Structure formats: C-alpha cells, structure tokens
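Quick note on my numbering: the sequence shown kicks off at 1 and runs consecutively.
All C-beta atoms, glycine included, are put in the ideal place defined by N, C-alpha and C.
Predicted, not measured: the structure shown is a model, and the values here were computed from it.
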Amino acid sequence: MLGLFALAFGLRLALAEGGARHAALDAAELLALCGPAPSGPARRVFDGHEGAAARALVGCGLDDAGPAFWPGQRALWAGIGALARGLTPGSGPPSALWGLLVPLLAGAASAPALAWAAGRRWGAGAGLRAGALLAVLPAHALWSTSPAPVVVPLLLLLLALGAQGNPMRVILALVAASQRAELGLAAALLLGAPGLPAAALGAALLAAGAPAWGGPPARAVAANLLALPTLAPVSGLLLLALGGAVGGRGAAGWAHRGLLLVALPLPFYDLGVRHLLLPLALACGLGGRLRLSLALALGLAWALALPGLAARWLADPPAPPPQSLPLRPPAACIEISDEPPIPGQPRPSWAAVWPGGCAALDPAPPCLVWAEGPEHSRWQSRGLDERAARMRALFALEPVALDRGGPGPWRRWHRLSSARGPLPGCALP
C-alpha cells in the first residue's frame, strides 16, 4: 500500500514538473489573484475554481467564487489557508505549493484507497492491481495536480466504498457531497442506504447552485453520447461494460453501478473527464480482476500516455504553420462559442446551433465559425481541451482563417458543417 502511494505520488509530482511553476510564484503574484480582474502567472497556474482555492489560501475571501464552489470546498481551502498562514506568520501569503501538495496527496492516496476497497471484495492481489491501475490512470493523474474540487471528494468516496461501518460511510459520503454536489447523488448509487444522506445534500446544493442551462437536458445527453469516446479512456469504459457482462463474485453489481455513474452526468452541458473519474476508478477496480499479464498491459498503455500529457500540462502548443488563409473569417459569419449554453453570453453556444445549424439562429447567418486557440490544446482545470474535443465530435471543421499574431497569442477559425455536408440553413459552402 505504501508502494502504491509512492508510485502514484511520484508520477503526479513529475507530471506537475516537481512543483516548479507553483514555487516560482512570489507574494505579489499571488496577491494579484485578489484583484477584480486577476491576471499574470498566478492566474495561469490557478485557473477557474483553482483561483477560488488560491484566494482562500492567500486569505482574501471567496465572495466571488461562484455558487458551484461548494461549501465543503470553501471550508477545506479556508482551513488549509489558515493553517498555512499560521505556520508562516508575518511573511506574506503562504507558498503556492500548498495548492499543489493537497491534491497530490489526495490523488496519491486514492490508489491505496481503491486497493483497499477492491481487495476486500476480490483479494489482496486484485486490490493491488486495481490500485496500480488507478495510480497510472492518465485522467486521474492530471486532476491530481489541481486544487479544483475533484480528487479530494473522489478520495472520500473511495474510502467510503472500502469502509466497513455504515456510520463512517455516511460521514465520508456527506463530506464528499459537500465538496462536489453531484457526488452526493453518486454516493446513493455506489453505497446504497448509507449514501442517501449525501444524495439529499447533493440534491439540495444542486437545486440552489447549479448553472441555469439555456437548453434542454436531452440535447446535452445526445451531444455527450457522441463526444464520450473523446472525453474518457475507452479502455476504462470497456472494462465497465465487460465486467457487467462477465460478472462473478460481485463484479456485475460493481460494473452496473459504474455504468449508471457514467450516465448520471450526461445531462451536463459541460461534461468532462472530471465528472467521469469515479466510474473510471471503478473500472480500475474491475481491472484488478484481470490476469496479471493483462493488467500489466493495460497499465503500461496508460503509463505510456503520461509523457504526452505532461507536455500539455499548462503548456501552450506552438502556433500553426503558415497557411494560405485570411486573417479573419468571412464577415457575414457568426462566431459561436464552445461554452455551455448559459444565458447572457456574448456569443451563441454550440448547443444553440447543434444540430439545428444556422436555421436555429434568428436571423439566420450564412455560416458559423468557431475560434480555436492555444488554450484548447493545453491541459488546465477549465477543460477547454475537452470542449475542443466535443466540437470536433459534433461538427466537421474546416479552417477558414488564421492569425498567428493574436489574439491569445494565435487564433484559427473553423467553418462548421456536419459530417453529411452544410448545416441546416447555412448558405456559404
């Protein structure tokens, strides 16, 4: 178990460049996160909900963190910030390494936690293989470098899965739901009756703070089913399906719950790998039942993907090579966004034009374009690379403009069509 923890921690620390980016942030750069428009190197390292965690760490409040930075996560980072500042009194804000160390520890601890849960069901050997698979699971390794509310509540649910007493299961699931609301609903599927209090808490938090999508849930489900193979490791989802088909010694129930957990976030317009880490962890648990040679092959395939992910971790790709394209797309085209359909956005969401095309907008434009930038290829907690993958899964993309000088620092526009030709109502070829 200690070896599993060390393996997982070492891989995640290497993925995060040994903490060099966090350690390089000085006090002034961290305090800049507290301003009305955070920018600079600290904003790049602590993005999205990471910025809220960093502000709690610095001690400048969470008034603008947003309703989806759930109460348990607020309490966690406020407490860690108070502890860190108490250990370094009078020397300014604590090191940004605190924002990396906590998820690293939680992510590394998830491997022995899964080993414990799977080992109780199928024996020590299966448990160790399951923990080793989670240790090298690329998506889990990436999210273990982020203080966003992902790996800590996941660890709590894995501990609840392995806990032997129902009171402890109830407590762990409640704390997990307080940090990530939809995991409360997952707890009921995963744990049964001990997860019901967490489900009630999660439902209450979602009712009070979930985004108001500007589109029907059925459209999100249809889009996410098409995009799912690009968002989650296909081998993990196949393990869940195979485990359900083969069954034996409790594996079928584990697999069926995992498949239900895949379905649970499908109505989310911003579905990403972070929503699928729990069923992927269960897939690793089923993978522990494989023969040693098969488990090693799967683990090796996942481990070989880590260097490529490390190259994308908070890192911009180079600008595309020069092409015979204009600097701007056709003026008559409407640029749509890869954002979910949240009312008040300056550009129409992809959900507004999929699958209705130009005809879904009033007035109908002659064509639709989407702007791709370096942020769509690097890995960061906002999941813009996942949004780009969804765009490629739903639309056929044709580059029509490229500005290597900006904004951001380069931008490439794609005309949108369907795999069968132009979208409904779009006139320009």
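Buried versus exposed call for residue i [16 or more other C-beta atoms within 10 Å across all chains shown]
i	result
threonine 145	buried
aspartate 362	exposed
valine 58	buried
serine 293	exposed
glutamate 398	exposed
glutamine 179	buried
alanine 301	exposed
glutamine 73	buried
serine 381	buried
leucine 33	buried
glycine 288	buried
proline 103	buried
arginine 291	exposed
CA-to-CA distance, residue j to residue i, given in whole angstroms
i	j	result
glycine 421	alanine 319	28 Å
glutamate 339	glutamine 164	42 Å
proline 167	leucine 189	17 Å
glycine 406	arginine 328	11 Å
glycine 40	leucine 30	9 Å
valine 273	alanine 54	22 Å
alanine 109	leucine 242	27 Å
glycine 285	histidine 256	13 Å
tyrosine 269	aspartate 47	20 Å
glycine 236	alanine 160	22 Å
proline 365	serine 417	13 Å
glycine 373	arginine 12	27 Å
tryptophan 122	leucine 97	38 Å
tryptophan 70	leucine 205	8 Å
proline 456	leucine 238	Nothing can be reported for residue 456: it is not among the residues displayed for the chain, which extend from 1 to 429.
serine 324	glycine 425	28 Å
Integer-rounded CB distance, given that residue j should sit under 8 Å from residue i
i	j	result
isoleucine 336	serine 349	7 Å
leucine 264	alanine 186	6 Å
proline 322	arginine 404	7 Å
alanine 198	glycine 184	4 Å
alanine 232	leucine 394	Actually they do not touch by this definition, with Cβ atoms about 16 Å apart.
proline 341	glycine 214	4 Å
leucine 76	valine 152	7 Å
8 Å Cβ shell around residue i - same chain, five flanking residues per side excluded
i	result
proline 217	Pro267
tryptophan 313	Leu15, Ala16, Glu17, Leu142, Thr145, Arg378 and Trp379
alanine 111	Leu4, Phe5, Leu7, Ala8, Gly131, Ala132, Leu134 and Ala135
tryptophan 354	Arg219, Ala223, Leu394 and Phe395
Where the alpha helix (DSSP H) containing residue i begins and where it ends
i	result
arginine 274	No alpha helix (DSSP H) contains arginine 274, which DSSP labels as neither H nor E.
histidine 140	138-143
isoleucine 342	Per DSSP, isoleucine 342 belongs to no alpha helix (DSSP H) and is neither H nor E.
aspartate 385	384-394
serine 178	166-179
proline 71	71-87
tryptophan 302	292-312
glycine 48	Counting along the chain, glycine 48 falls outside any alpha helix (DSSP H), and DSSP gives it neither H nor E.
Cut-off 7 Å between Cβ atoms - residues of its own chain near residue i, not counting five sequence neighbours on either side
i	result
leucine 156	Leu172, Val175 and Ala176
leucine 277	Ala139, His140, Trp143, Val150 and Leu154
alanine 315	Arg378
isoleucine 80	Leu57, Trp98 and Val102
glycine 299	Ala132, Leu133 and Val136
Residue span of the beta strand (DSSP E) that contains residue i, given as start and end
i	result
arginine 412	411-417
glutamate 372	368-372
glutamate 335	334-336
Spatial neighbours of residue i in its chain, beta-carbon cut-off 6 Å, leaving aside the 5 residues before and after
i	result
alanine 310	Leu15
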